[in-house]
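Colleague: Got a structure for you, written out below as structure tokens; questions coming shortly.
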Amino acid sequence: MTLRRRPGVEARADHAALAAFPLWAWLAFFVVVPLGLVAWYSLGQKPSLFSPVAVTTPSLDRYAEVLSPVFLTTFWATLRIGVTGTLLCLLVAVPFAYWLAVLVPARRRPLLLALVLVPFWTNFLVRTIGWQVILAKQGLLYEVLSFLHLMGPGDEVGILYTRAAVQLGVVYNYLPLMILPLYVAFERTDPRLREAGRDLGAGRLRTFLTVTLPQAAPGVAAGCLLVFVPLMGDYLTASVLGGADGIMAGQLVAQQFGAANDWALGSAMAFTLMGLVLATVLVVGALGLVGRGMVRRVRRVEPAPRGGAG
Amino acid sequence: MTARPGVRRRAPWGSGARAPWDWTRVLLGGWGVLVLVFLFLPIAVIVGYSFNTGRLLGAFTGFGPDAYVRAFQNATIVGAVRTSLVTGALASLVATVLGTLGGLALARARPGALWASALTALLAVTLVTPEIMDAVSLLPWLVTLGTDGGLVLLNDGLVRLVVAHTSVALATVTFVVRARLAGLDRSLEEAAADLGATPWRRFTQVTLPLAAPAVLAGALLAFTLSLDNTIVSSFVQVPGSTPWPVYVLGSLRTGLRPEVAAVSTVLLALTLAALAGVGWVLRRSAPQAEGETELLRALA
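Protein sequence lines correspond, in order, to chains A and B. Position one of the first sequence corresponds to residue 1 (my numbering), numbered consecutively onward. Position one of the second sequence corresponds to residue 311 (my numbering), numbered consecutively onward.
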């Protein structure tokens, strides 16, 4: 009987590939082909007022159009909101996740973690509308400030429909995506290493910066990626809070597929946006690796962080 | 040498012991509370303003349950919520079946198998593609298939939404199931094989029960992803089967009413109840592995 085990295991490997077939088929048909189609569209043009796209002679003209100053300013503004938003999320989430994963007693952690997740289970759009209610000219913030006599009857809260409102909105909307991987990363760090650092005379801040944070580096990278990528493609936050002043690239794309009905230009915009996201991630990733290498070289006397911070 | 006793006095981090006046701890705790307040602020505002008796959401005129009554009498709103729930259930079902099979396959693939790496890469691409990209690529394709390709089924609003939401949720379900199965011992399956169980019995009686918490978590995630999906839905939807978030998006232009807040509050309460229920089931069925932490691991 035992002799028949080998073929059995072989057959199971085949079963594995077979079980993934429906997933393959779905992804090919509803993800890969549509993306290819849009890539093809981006090489075309808008033939007439009522027709969204035609590719008669493939050219890169639409990309040239996207890179014209009119649209390029929006792409740069989007990048600025994306990078600033990611950094702000990191700044808010690092102390919070550290507190949650290290300082809060273990039995209270699941409850607090569930609280962090609650905004996740509320509709994205509805959460953003909550901010609109708060930030409106005569909204909740105005009411509170007037109640505290910090604002007179003639004053208005001028935050809504500006870039600042969009910035606040994206930090709010993507913060849980930064907190979660950081929490997991801090939770995995070894408390004995922290104690060792402190026994060797390092202060709290120094222990955190040289022992704990390098251990949590994969969490930092994952969090930044999880925040930055969807943030760059976001157009709901800007639609609700940004007005004409805080427009983002996602809205440009949506406009071309909506009111403007120019699928060629819209497709080129979407790919330009993806290219911008990818380029930023690659550049920042490369800089991070170089920076880490330099830090390690300078501090070669110290033992390498456990678990490999890659 | 005065610094040395100072070092001794400090409580070790994470031990739960508390030094009398530990300012770092106090500051970090204060920050933690602030962040939680920040996270809850707009949600509390929505819940609070759902009891606004006025006609416009932002202008609070009085306190009362009028918006709830009006929302349940509004056929468009009830229809939109029903569309969302049906789409969520169907998309979650399809994504869970495909994702469970895929996750199983990935977890059991020979190390270094080419198809497994390719599939993982493809799923990772769908995970990092901005949602607007999914939306603008799916719309022309569905239109092409439905009108030029003669697949009339894809002209149906509900089918379109299910297809779109399934595509968005597939990667998450697959990775959650794979994470669970990759961490499990294969010896149980091998034992079943040695005892003469057919592949089908092995799958239904050994593998599936082992994967159950992750399958459940994946299904739940897919459902909430579907319920939350606004961008792709607003592109592919057909008038007549508008899901709830797209209705809200539309009412941004026509004027937000307290009904929107009322329905959102009900949905939030239902979601939290469902989550609490699932959490309870998970804790009972697998006390050693908490579903939540597993989800986080999969996300990270």
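Here a beta-carbon is modelled for each residue, glycine too, at the ideal position from N, C-alpha and C. Quick caveat, the model's predicted, so the values are computed rather than measured.
Kindly say whether serine 402 of chain B, judged by its beta-carbon, lies nearer than 8 Å to any beta-carbon of chain A.
Modeller: Working through the second sequence from its first residue, we reach residue 402 of chain B at position 92. No, serine 402 of chain B does not count as interfacial toward chain A.
Colleague: With H, G and I counted as helix, E and B as strand and the rest as coil, what does DSSP make of phenylalanine 147 of chain A?
Modeller: Along the first sequence, read from residue 1 onward, the residue named residue 147 of chain A stands at position 147. Phenylalanine 147 of chain A falls in the helix class under three-state DSSP.
Colleague: How about glycine 266 of chain B: is its C-beta nearer than 8 Å to some C-beta of chain A?
Modeller: Nothing can be reported for residue 266 of chain B: it is not among the residues displayed for chain B, which extend from 311 to 610.
Colleague: Taking phenylalanine 545 of chain B as the reference, which of B:Ala492, B:Thr581, B:Phe485, B:Ala474 has the closest Cα?
Modeller: What you label residue 545 of chain B is simply residue 235 of the second sequence in a count that begins at 1. Nearest C-alpha to phenylalanine 545 of chain B: B:Ala474.
Colleague: Contact criterion: CB-CB distance below 8 Å. Does asparagine 123 of chain A meet it with respect to chain B?
Modeller: Along the first sequence, one-based indexing puts residue 123 of chain A at 123. By this cut-off, asparagine 123 of chain A is an interface position.
Colleague: Distance, Cα to Cα, arginine 490 of chain B vs threonine 482 of chain B?
Modeller: Locating residue 490 of chain B in the second sequence gives position 180, where the first residue counts as 1. Locating residue 482 of chain B in the second sequence gives position 172, where the first residue counts as 1. Approximately 13 Å, taken between the alpha carbons.
Colleague: Roughly how many angstroms separate the alpha carbons of glycine 587 of chain B and alanine 93 of chain A, rounded to a whole number?
Modeller: Counting from one through the second sequence, the residue named residue 587 of chain B turns up at place 277. Counting from one through the first sequence, the residue named residue 93 of chain A turns up at place 93. When rounded, the distance between both Cα atoms is 29 Å.
Colleague: Could you tell me the alpha carbon to alpha carbon distance between glycine 422 of chain B and arginine 511 of chain B, rounded to whole angstroms?
Modeller: As a position in the second sequence, residue 422 of chain B is number 112, starting the count at 1. As a position in the second sequence, residue 511 of chain B is number 201, starting the count at 1. Cα to Cα, glycine 422 of chain B sits roughly 27 Å from arginine 511 of chain B.
Colleague: Is the Cβ of serine 477 of chain B closer than 8 Å to any Cβ of chain A?
Modeller: Here residue 477 of chain B refers to the residue found at position 167 when the second sequence is read from its first residue. Chain A contact via Cβ: present.
Colleague: Quick one: which chain B residues come within Cβ less than 9 Å of valine 94 of chain A?
Modeller: Counted from its first residue, the first sequence places residue 94 of chain A at position 94. Those within 9 Å of valine 94 of chain A in chain B number zero; the least Cβ separation is about 10 Å.
Colleague: So which residues on chain B does tyrosine 98 of chain A lean against when the C-beta distance must stay under 8 Å?
Modeller: Working through the first sequence from its first residue, we reach residue 98 of chain A at position 98. Per Cβ cutoff of 8 Å: Leu338.
Colleague: Can you pull the chain A neighbours of glycine 422 of chain B, defined as C-beta to C-beta under 8 Å?
Modeller: Counting from one through the second sequence, the residue named residue 422 of chain B turns up at place 112. Per Cβ cutoff of 8 Å: no residues; glycine 422 of chain B is ~12 Å from chain A at best.
Colleague: Let me check understanding here. Comparing Cα to Cα, which of B:Val478, B:Gln515, B:Ser360, B:Leu414 lies closest to isoleucine 442 of chain B?
Modeller: Along the second sequence, one-based indexing puts residue 442 of chain B at 132. Comparing Cα positions, the closest option is B:Val478.
Colleague: Anything in chain B within Cβ reach of leucine 115 of chain A, meaning under 7 Å, just list it in chain order.
Modeller: Here residue 115 of chain A corresponds to residue number 115 of the first sequence, with the count starting at 1. Correct list: Leu346.
Colleague: Regarding glycine 201 of chain A and the ligand ADP, is the C-beta to nearest heavy atom distance less than 7 Å?
Modeller: Here there are no bound small molecules, and the ligand ADP is not part of this structure.
Colleague: Does the region 371-381 of chain B come within contact of the region 531-547 of chain B, defined as at least 3 CB pairs closer than 8 Å?
Modeller: Short answer: they don't touch.
Colleague: Report yes if the CB atom of serine 574 of chain B is closer than 8 Å to the CB atom of asparagine 123 of chain A, and no otherwise.
Modeller: Residue numbering aside, residue 574 of chain B sits at position 264 when the second sequence is read from its first letter. Residue numbering aside, residue 123 of chain A sits at position 123 when the first sequence is read from its first letter. Yes. Within cutoff.
Colleague: Return the residue from the list B:Val357, B:Leu351, B:Thr334, B:Leu337 that minimises the CA-CA distance to alanine 572 of chain B.
Modeller: Counted from its first residue, the second sequence places residue 572 of chain B at position 262. Per the Cα distances, B:Val357.
Colleague: Should proline 568 of chain B be labelled buried (16 or more other beta-carbon atoms within 10 Å of its own) or exposed?
Modeller: Within the second sequence, numbered from 1, the residue matching residue 568 of chain B stands at position 258. Classification for proline 568 of chain B: buried.
Colleague: Output, in sequence order along the chain, the residues in the region 354-373 of chain B whose CB is closer than 7 Å to any CB in chain A.
Modeller: For the region 354-373 of chain B, which is checked against every Cβ of chain A, the residues closer than 7 Å are Val355, Ile356, Tyr359, Leu367, Gly368.
Colleague: Give the range of the alpha helix (DSSP H) segment to which tyrosine 41 of chain A is assigned.
Modeller: Within the first sequence, numbered from 1, the residue matching residue 41 of chain A stands at position 41. Where tyrosine 41 of chain A is concerned, the enclosing alpha helix (DSSP H) stretches over 33-41.
Colleague: Taking C-alpha atoms, which residue in B:Gly589, B:Arg470, B:Val556 lies nearest to alanine 527 of chain B?
Modeller: Counting from one through the second sequence, the residue named residue 527 of chain B turns up at place 217. Nearest of B:Gly589, B:Arg470, B:Val556 to alanine 527 of chain B, Cα basis: B:Gly589.
Colleague: Could you tell me if glutamate 499 of chain B is buried or exposed, where buried requires 16 or more neighbouring beta carbons within 10 angstroms of its beta carbon?
Modeller: What you label residue 499 of chain B is simply residue 189 of the second sequence in a count that begins at 1. With 16 or more Cβ atoms within 10 Å of its Cβ, glutamate 499 of chain B is classed as buried.
Colleague: CB-CB under 8 Å to leucine 531 of chain B, same chain, minus the five flanking residues each way: which ones, in chain order?
Modeller: As a working mapping, residue 531 of chain B is identified with position 221 in the second sequence. The answer, listed in chain order, is Ala479, Thr482, Val483, Val486, Leu605.
Colleague: Just the C-alpha distance for leucine 312 of chain A and proline 450 of chain B, rounded to the nearest angstrom, thanks.
Modeller: Only positions 1 to 310 of chain A appear in this structure, which leaves residue 312 of chain A out of reach.
Colleague: CB glycine 82 of chain A to CB methionine 232 of chain A, shorter than 8 Å?
Modeller: The sequence position of residue 82 of chain A within the first sequence is 82, counting from 1. The sequence position of residue 232 of chain A within the first sequence is 232, counting from 1. Taking 8 Å as the Cβ cut-off, glycine 82 of chain A and methionine 232 of chain A qualify as a contacting pair.
Colleague: At a CB-CB cut-off below 9 Å, which residues of chain B make contact with valine 284 of chain A?
Modeller: Position 284 of the first sequence holds residue 284 of chain A. What valine 284 of chain A touches in chain B: nothing, since even the nearest Cβ is about 14 Å away.
Colleague: Three Cβ pairs or more, each shorter than 8 Å: is that satisfied between the region 218-230 of chain A and the region 179-194 of chain A?
Modeller: yes
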